[in-house]
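Shown next, in structure tokens, is the structure this report addresses.
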Amino acid sequence: MVEILEKVLRLGRDDVSHLHGLLQQTSLSNIIRASSIVTSRLQFLTALEHLVFDEETYGLVKERDHLHKILERELWVFGEEFNMMRSSEIGLTRMLEHHRRTVGWDPTPDGSVRAVDGGARRVDLMLSAESHEHDRVRHLVVELKAPSVDADRAQADQVDDYMQAVLNDPRFANVDTTWDFYLVVRSIKDRLMPRVRQAGHPEGLYSEPTSFEHARVRVWVRTWSEILREAKQRLEFVKNGIDHNPSLEQALEYLRHRHGDLIPDLLRRPAAIPTPRSGAARNPAV
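In this text, residue positions in the sequence shown follow numbering that gives the first Met the number 0: the first is 0, and each later residue adds one.
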């Protein structure tokens, strides 16, 4: 308490005036809560970058045991609009139920949904948001891969199968909806690059059929570099305002506090946290 009072008393005249103006519009607890959210998110992005790119860590991180479960608690990484509405580890039939519930239809489908080959499939995360401005619903279906797995055509085609299931089943249609299917990976193999880096197309676009009535359906191959960069850009203005650039130690402390039950054993012990080696590969895009 003494430290807090001392810092308040040391505020300059302009800062006191700004604080007074803010308190006329909202409560001090709301100001603290908003700053805390931004600080925590910046720490998480630093920790996630370490999990995915650090040479001594990324091989320990598994898709389902770690990455998937951690991101269930941090959906804002994919966009603030997806922070609440989600389904996790669901089959294609449950995906249809989620869609119908989101658009206000009877969620119980008549029969199951199958992939093109007649088999069952499961998606990692399905996130949904409603755009009131454009009267559209956007679904984001995310397929995560462990950092040790690079994207190749086999992984991209797996996600394309999910998209084909939506295209081929009329129960998904007849509503203004955008479907984005993400394959999220640490890196992309060279032989897949020409497909997702085409002139005249958005970077990462793998396929976009044009024949689906009333809906836009796209498959993307996204790297964690891109996801992290976009998330940091959304926080950049506030980050500069609060002057907070979290250290790796602060980021990993957040990870242990918030996700300690989900991270690899090595990262649960502060004394054993690996430090980046000289020349170790880091995320070049963040």
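C-beta atoms are modelled at their ideal positions from N, C-alpha and C, and glycine is treated no differently.
(Q) Buried or exposed, going by whether 16 or more other CB atoms sit within 10 Å of the CB of R333? (A) As displayed, the chain neither begins before 0 nor continues past 285, which places residue 333 out of reach and without an answer.
Q. Could you give the residue range of the beta strand (DSSP E) that holds R217?
A. Element bounds for R217: 214-222.
Q.
Using the three-state DSSP reduction, which class does D179 fall into: helix, strand or coil?
A. Correct three-state label for D179: strand.
Q) Would you call the stretch 220-236 and the stretch 246-263 in contact, with 3 or more CB pairs under 8 angstroms? A) no
(Q) Assuming the contact rule is C-beta atoms closer than 8 angstroms, I187 and V141 should be a hit. Round their C-beta distance to whole Å, please. (A) Their Cβ separation, rounded to whole angstroms, is 16 angstroms, which puts I187 and V141 out of contact at 8 angstroms.
Q: Using beta-carbon positions only, say whether Q42 and P245 come within less than 8 angstroms of one another.
A: yes
Q: Please name the residue in S39, E225, S26 whose C-alpha comes closest to that of H256.
A: S39
(Q) Between G78, S224, S127, which has its C-alpha nearest V102's C-alpha? (A) Comparing Cα positions, the closest option is S127.
(Q) Classify L143: buried if its beta carbon has 16 or more other beta carbons within 10 angstroms, exposed otherwise. (A) buried
Q: With DSSP collapsed to three states, give me the class of R121.
A: It is a strand residue.
Q.
Using a 10 Å radius around the Cβ and a threshold of 16 neighbouring Cβ atoms, would you call Q197 buried or exposed?
A. Exposed.
Q) Just curious, the beta strand (DSSP E) that E207 is in, first and last residue? A) Where E207 is concerned, there is no enclosing beta strand (DSSP E), given that its DSSP letter is neither H nor E.
Q: Measure from the alpha carbon of R217 to the alpha carbon of each residue in L261, W223, L204, then state which is nearest.
A: Measuring from the Cα of R217, the nearest candidate turns out to be L204.
Q. Which term fits D179, buried or exposed, when burial requires 16 or more other beta carbons within 10 angstroms of its beta carbon?
A. buried
Q: Identify every residue that forms a DSSP beta bridge with I187.
A: A150
Q: Verify whether the separation of the beta carbon atoms of R120 and Y161 is less than 8 angstroms.
A: yes
**Q.** Candidates G199, R93, H200, V76, of which the one nearest W223 by Cα
**A.** V76
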